[in-house]
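Here the UniProt record's numbering is used: the first residue of the sequence shown is 1, the next is one more, and so on. Cβ coordinates follow ideal geometry from the N, Cα and C atoms, glycine included. Bear in mind the structure is a predicted one, so any value in this text is a computation, not a measurement. Everything on this sheet refers to the single structure shown next.
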Amino acid sequence: MMVGVMNILRSSRNLITSIHSTGSFFIHLSPPLMSPLTLHNQFQLASLNPPFLLVFSCSIKSKTKSPQRKVHETHSNKKDLLGIAHMTSVGDHTPKESEFEKWTQNLQRGFQPEDVSKVLKHQTDPDLAFDIFRWASQQRRYKHTHLTYELMIQTLASASRFHTAGILIDEVLAGACDASESLFNTVVYVCIQAGWLGKAINVYRNMWKTSDCKPSLKTYNLLLSAIVNKENNNNSYISHMYMQNMQGLFKKMVNANISPDIFTLNVMIKGYAKSLHMNDALRIFHQIDLYGCTPNAHTFNYLIRGLCLQSRTINAMELYQEMISNGFTPSNMAYNSIVNSLSLTGDLQEAIRVLTEMVDKLGVPDFITYKTIVDRLCREGKEQEASKFLHEFRLKDRALDGISYRKLLHHLQSRSETLVCKHQKPLRD
1 MMVGVMNILR
11 SSRNLITSIH
21 STGSFFIHLS
31 PPLMSPLTLH
41 NQFQLASLNP
51 PFLLVFSCSI
61 KSKTKSPQRK
71 VHETHSNKKD
81 LLGIAHMTSV
91 GDHTPKESEF
101 EKWTQNLQRG
111 FQPEDVSKVL
121 KHQTDPDLAF
131 DIFRWASQQR
141 RYKHTHLTYE
151 LMIQTLASAS
161 RFHTAGILID
171 EVLAGACDAS
181 ESLFNTVVYV
191 CIQAGWLGKA
201 INVYRNMWKT
211 SDCKPSLKTY
221 NLLLSAIVNK
231 ENNNNSYISH
241 MYMQNMQGLF
251 KKMVNANISP
261 DIFTLNVMIK
271 GYAKSLHMND
281 ALRIFHQIDL
291 YGCTPNAHTF
301 NYLIRGLCLQ
311 SRTINAMELY
321 QEMISNGFTP
331 SNMAYNSIVN
341 SLSLTGDLQE
351 AIRVLTEMVD
361 KLGVPDFITY
371 KTIVDRLCRE
381 GKEQEASKFL
391 HEFRLKDRAL
401 DGISYRKLLH
411 HLQSRSETLV
421 CKHQKPLRD
């Protein structure tokens, strides 16, 4: 009988050694609680006599791995009686596996989505949170709700796991959970953050197909802002191409009896200003009261910037004065736009006055603003005044560092030499 047992042990050793050589198995005496990425299979090898039953537990590793998740196998130089190298034992889990076991064991039998949400909120590792989320979805008599899906999508997006978040978004759109306005708005926001504007618009269209999750003011604000702030939209021609989408969304929102707020109206004004449709921007501005809103600093900043780009300096100055009288402080963008526009029209005295006001209010004039004033002074033959201007503002403006100051002085010197050469008469033979 002992000879038979030894033969079984030898054959078992050869079998397991062969399996181990493929790199697909590791061997332990009892299967621990593993993540859903590991599939457990057990097989038994029995001897001829019942008392001699030899049981092995093998785990087949899935080829699919979560991001940045690796299971390490530790080999030992010691050998057991069968001569098989010891692999990772039950107590030698990686830190992530230990954390996974701890949190999943906290979820008692019959746990609810609220319990899963509490566990997910405690996670700082988005990959571990996603493993727990998937493990919970595989348990009997349990189904995720819009709350757990929304929380998991937010967790992944905040860690820039947009690919994994996109998988969950597809599941939501396929009806994996009950719908809610908050969930759809979160999906729209994440799609925009990931750069999937087309997908965000598809979610918006799906919201219209639902009975109780129609697009809300937040939905429209997210989409309008995404369209206006889309990359490369600083080009007025590209911005013009998106204006039809912006106008269509705004019209549909109003037709749905959703009143815009000041954020919505500012986005519309900004979009029109970027595409140089200033008459439309001013029309929205004059309709603000009709919507029960009050213009804020952003409203004036966008309008002033757009009017200056169209060389409508007088209109820009009128809004500038109204902005100041309402107690608002123009942004650096608005200040620089006005100073440049005044300089180009030749009103240097007013340009320098506004620039002085900007510096007094701790604004930061840019290099182009200083250069535009210097160019205008040189064009009028006032090189000494230009030099005096730079020296005075070098003392006033702390943001005008030495490098920019030297560049401006060099530019002034180059302009002066150019003007001298132009005024010199050619020598006669």
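- With 16 or more other CB atoms across the displayed protein chains lying within 10 angstroms of its CB, HIS144 is buried.
- Residue burial annotation: ILE403 is exposed, with fewer than 16 other C-beta atoms found within 10 angstroms of its C-beta.
- Around the beta carbon of GLU150, a 10 Å sphere encloses 16 or more other beta carbons of the protein chains shown; the residue is thus reported as buried.
- Three or more beta-carbon pairs separated by less than 8 Å are not found between the segment 239-248 and the segment 285-297, which leaves the two stretches without contact.
- One Cα belongs to TYR370, the other to LEU362, and the distance between them is close to 16 Å.
- Within its own chain, the residues whose Cβ lies closer than 6 Å to the Cβ of LEU120, once the five positions on either side in sequence are excluded, are ALA129 and LEU151, listed in chain order.
- Annotation: ALA386 to ILE352 spans about 11 Å, alpha carbon to alpha carbon.
- Secondary structure within the segment 175-225: the alpha helix (DSSP H) runs of 4 or more consecutive residues, fully enclosed, are 181-193 and 197-209 (chain order).
- Taken through DSSP and simplified to helix, strand or coil, THR313 comes out as helix.
- Between the alpha carbons of HIS410 and VAL374 lies a gap of roughly 11 Å.
- If the five residues before and after PHE250 are omitted, its C-beta is found closer than 8 Å to the C-beta atoms of TYR220, LEU224, PRO260, THR264 and MET268, all from its own chain and listed in chain order.
- By the CB criterion at 9 Å, GLU181 and CYS213 fall inside the cutoff.
- In summary, HIS146 is buried, with 16 or more beta-carbon neighbours lying within 10 Å of its beta-carbon over all protein chains present.
- Linking LYS96 to ASN106 through their CA atoms gives a straight-line distance of about 16 Å.
- For VAL267, the enclosing alpha helix (DSSP H) begins and ends at 262-274.
- If you draw a 10 Å sphere on the C-beta of ASN301, you find 16 or more other C-beta atoms in it, and that means buried.
- If you draw a straight line from the Cα of ILE169 to the Cα of LEU377, it is about 59 Å long.
- For GLN154, the uninterrupted alpha helix (DSSP H) segment begins and ends at 146-158.
- Annotation for HIS277: no alpha helix (DSSP H) segment contains it, and DSSP assigns it neither H nor E.
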